[in-house]
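Participant: I have a structure here, written as structure tokens, and I will follow up with some questions on it.
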Amino acid sequence: MLRARPLFRSKIDAKTNGACFFLLAVALLLAAPAAQAQEVQVAFDEAGEVTVIDAELRERLGLFPEVEGFEEARLFRQGEGAYELVIRYAEGGRSLREQRALSAEEVEALRRRVRRARGAGGAPPDRRTRLEDGRYRFLAATTLLGATEGTLFAVA
Numbered sequence: 003m004l005r006a007r008p009l010f011r012s013k014i015d016a017k018t019n020g021a022c023f024f025l026l027a028v029a030l031l032l033a034a035p036a037a038q039a040q041e042v043q044v045a046f047d048e049a050g051e052v053t054v055i056d057a058e059l060r061e062r063l064g065l066f067p068e069v070e071g072f073e074e075a076r077l078f079r080q081g082e083g084a085y086e087l088v089i090r091y092a093e094g095g096r097s098l099r100e101q102r103a104l105s106a107e108e109v110e111a112l113r114r115r116v117r118r119a120r121g122a123g124g125a126p127p128d129r130r131t132r133l134e135d136g137r138y139r140f141l142a143a144t145t146l147l148g149a150t151e152g153t154l155f156a157v158a
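Numbers in the numbering used here are just positions in the sequence shown, counted from 1, shifted up by 2.
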């Protein structure tokens, strides 16, 4: 007859394993806020339409005149009130990045400038916004097609 072996050989092993489990749980809880402090890309305007400033939009807005070989700029939020502006530019046949730390006030001033230029007709919506216009119709059509096709196969 087979006998079930105890999970722990002694009380000391059970206490040690319990302490290890507790320490692991505490470490995971302490690491959770650090995992949430990741960079998140944010828009240059309140409407969320301008997420990337390309060379054409830069010329229209008159931004970053000091950067030669400008390719694009993106804005990232790093935490409460901390932002990072990443400017990609070309120099000597290479693509380089410049990172600038911005305060919340500097980001607000940049957003006001983008809003003023857009109000004057200076900036079209971001290309990605225009590409997503037909997304919902496409999803509805493929869902309907999948539901009817599945029903037809089940009947046949």
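Ideal Cβ positions, reconstructed from N, Cα and C, are used throughout, including at glycine.
#1: Among 96, 89, 65, whose alpha-carbon lies nearest the alpha-carbon of residue 102?
#2: Which residues mark the beginning and the end of the alpha helix (DSSP H) in which residue 110 is found?
#3: Whose CA, out of 70, 95, 120, lies closest to the CA of residue 50?
#4: Tell me, to the nearest whole angstrom, how far the beta carbon of residue 92 is from that of residue 64; I am working on the premise that it is less than 8 Å.
#5: Give a yes or no on whether the C-beta atoms belonging to residue 57 and residue 73 are separated by under 8 Å.
#6: Suppose you measure from the CA of residue 146 to the CA of residue 157; what does that come to, to the nearest Å?
#7: Pick out the complete alpha helix (DSSP H) segments inside the stretch 46-79, 4 residues or longer, and give them in chain order.
#8: So residue 78 and residue 43 are supposed to be a Cβ contact under 8 Å. How far apart are they, rounded?
Facilitator: To lay it out plainly:
#1: 89
#2: 106-121
#3: Residue 50 has its Cα closest to that of 120, out of 70, 95, 120.
#4: At roughly 20 Å, the Cβ-Cβ gap does not stay under 8 Å, so residue 92 and residue 64 are not in contact.
#5: yes
#6: 17 Å
#7: 57-63
#8: 5 Å
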